[in-house]
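See structure below.
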Amino acid sequence: MQTDLSNLDNQNLPFYTKSQLALRNGQDRPEIWCAYNNLIYDVSTSRLWLKGKHYEHWAGQDLTAELQNDAPHNENVFDKFEVIGILKESK
């Protein structure tokens with residue numbers, strides 16, 4: 068499922084690569100970010116993401132496939148978190 072990014076264009080969100088996202092894994096920096104459906108969310112304030120891990124899921128990566136296949140959450144799981152960027156597609 069692709070997210071419609073057209074409604075986010077006016078927010079001037081920055082694009083981040085998967086490598087840049089990986090640096091925000093909660094281990095070396097205080098930022099804890101996760102990507103889902105091309106959007107990057109800041110989950111740093113969540114007690115469920117302490118140290119960058121939530122059950123068997125790790126921050127700093129695109130969790131789209133993992134969450135669509137085996138998580139007990141629906142697609143609104145990240146709604147309470149701030150969208151801080153857009154995941155740049157690799158070519």
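Remember, our numbering sits 67 above the position in the sequence shown when you count from 1.
Just so it is clear, CB atoms sit at the ideal spot from N, CA and C, and this is done for glycine as well.
Just so you know, these numbers come straight off a predicted model, no measurement behind them.
Check residue i in the structure and name its three-state DSSP category.
i: valine 150; result: strand
i: alanine 126; result: coil
i: leucine 117; result: helix
i: valine 144; result: coil
i: serine 157; result: coil
i: methionine 68; result: In this predicted model, methionine 68 has a pLDDT of only 44, less than 50, meaning its place in the structure is not dependable; the value taken from the coordinates is given anyway. Looking at methionine 68 - three-state DSSP - the assignment turns out to be coil, as it is neither helix nor strand.
Which two residues bound the contiguous beta strand (DSSP E) that contains residue i?
i: leucine 80; result: Leucine 80 -> no beta strand (DSSP E), and no H or E assigned at all.
i: leucine 106; result: 106-109
Considering only C-alpha positions, which residue in the set the options is nearest to residue i?
i: threonine 112; options: Gly152, Leu106, Pro97; result: Pro97
i: isoleucine 153; options: Asp146, Tyr103, Leu117, Asn143; result: Tyr103
i: tryptophan 125; options: Asn79, Leu88, Phe82; result: Leu88
i: threonine 84; options: Leu117, Gly127, Gly119; result: Gly127
i: serine 86; options: Ile107, Leu80, Gln78; result: Ile107
i: asparagine 79; options: Glu156, Ile151, Asn143, Lys155; result: Ile151
i: arginine 91; options: Pro81, Phe148, Glu133, Lys118; result: Lys118
i: glutamine 159; options: Phe148, Asp129, Phe145, Lys120; result: Since the displayed the chain opens at 68 and closes at 158, residue 159 lies outside it and no answer follows.
i: glutamate 156; options: Cys101, Asn105, Glu133; result: Asn105
In the DSSP assignment, the alpha helix (DSSP H) including residue i goes from what residue to what residue?
i: leucine 90; result: Careful: leucine 90 lies outside any alpha helix (DSSP H) and carries neither H nor E.
Taking Cβ positions only, does residue i come closer than 8 Å to chain C?
i: asparagine 79; result: Chain labels in this structure do not include chain C; a single protein chain is all it has.
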